[in-house]
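Enquirer: Each residue of the sequence shown is one higher than the last, beginning at 1013 in my numbering.
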Amino acid sequence: MIQLVLLYMGAALTSFWGIAHLFPTKSVVEGFGEITLDNRRIITMEWIVEGISLIFMGLLVAAVTFIDPLSAVSKVVYMLSIIGLVALAIVSVFTGYKVNFIPFKLCPFIFTGSAAMIFVGGLL
1013 MIQLVLLYMG AALTSFWGIA HLFPTKSVVE GFGEITLDNR RIITMEWIVE GISLIFMGLL
1073 VAAVTFIDPL SAVSKVVYML SIIGLVALAI VSVFTGYKVN FIPFKLCPFI FTGSAAMIFV
1133 GGLL
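1) Whole angstroms is fine: what's the gap from residue 1094's alpha carbon to residue 1112's?
2) Measure the Cβ-Cβ separation of residue 1089 and residue 1105 and say whether it is below 8 Å.
3) Since residue 1081 and residue 1016 are thought to touch, with beta carbons under 8 Å apart, how far apart are those beta carbons, to the nearest angstrom?
4) How do the region 1125-1133 and the region 1044-1063 stand: do at least 3 beta-carbon pairs fall below 8 Å, yes or no?
5) Can you give me the C-alpha to C-alpha distance between residue 1100 and residue 1041, rounded to a whole angstrom?
6) Assuming residue 1023 and residue 1070 are in contact, meaning their beta carbons sit under 8 Å apart, how far apart are those beta carbons, in whole angstroms?
7) Can you check which of these residues, 1097, 1036, 1013, is closest to residue 1068 by C-alpha distance?
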């Protein structure tokens, strides 16, 4: 039972952080100041893509957990999600964590926490 709770919590935290990425998109892009229209579009696209990717990853973990948390496919989804979240945490430590904006500093901890919950819930 505790494994299921951890899996759903890891999935929810990942999806929540993805949703949280979508709301400030306009202000984040505006924070770059005077940049070309192409650069504005690229930053907007990348910001939205990260949010949607996190939402998708969380929903995928929740879906396979709901269907059959012990199946081989579920285990692969858990492992790939953990790898993705740890990769994002590492990138965040060397990039966003250095930005003087608290939500960016939270990213490595949120990604690592989500990965840990999915690991303990799905692979142990």
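Idealized CB from N, CA, C, for every residue including glycine.
Note that the structure is predicted; figures quoted are calculated from it, not measured.
Expert: Result, derived from the coordinates:
1) The residue given as residue 1094 occupies position 82 in the sequence shown. The residue given as residue 1112 occupies position 100 in the sequence shown. If I take the Cα positions, the gap works out to 27 Å.
2) Sequence index remark: in the sequence shown, residue 1089 carries index 77 (1-based). Sequence index remark: in the sequence shown, residue 1105 carries index 93 (1-based). In this structure, residue 1105 does not lie closer than 8 Å to residue 1089 by Cβ.
3) Indexing the sequence shown from 1 puts residue 1081 at position 69. Indexing the sequence shown from 1 puts residue 1016 at position 4. Their Cβ separation, rounded to whole angstroms, is 6 Å, which keeps residue 1081 and residue 1016 in contact under 8 Å.
4) No, they do not touch.
5) Residue numbering aside, residue 1100 sits at position 88 when the sequence shown is read from its first letter. Residue numbering aside, residue 1041 sits at position 29 when the sequence shown is read from its first letter. About 20 Å.
6) Position 11 of the sequence shown holds residue 1023. Position 58 of the sequence shown holds residue 1070. Here residue 1023 really is in contact with residue 1070; their C-beta atoms are around 4 Å apart, less than 8 Å.
7) For the purposes of this step, residue 1068 is taken as residue 56 along the sequence shown, with counting starting at 1. For residue 1068, the nearest C-alpha among the options comes from 1097.
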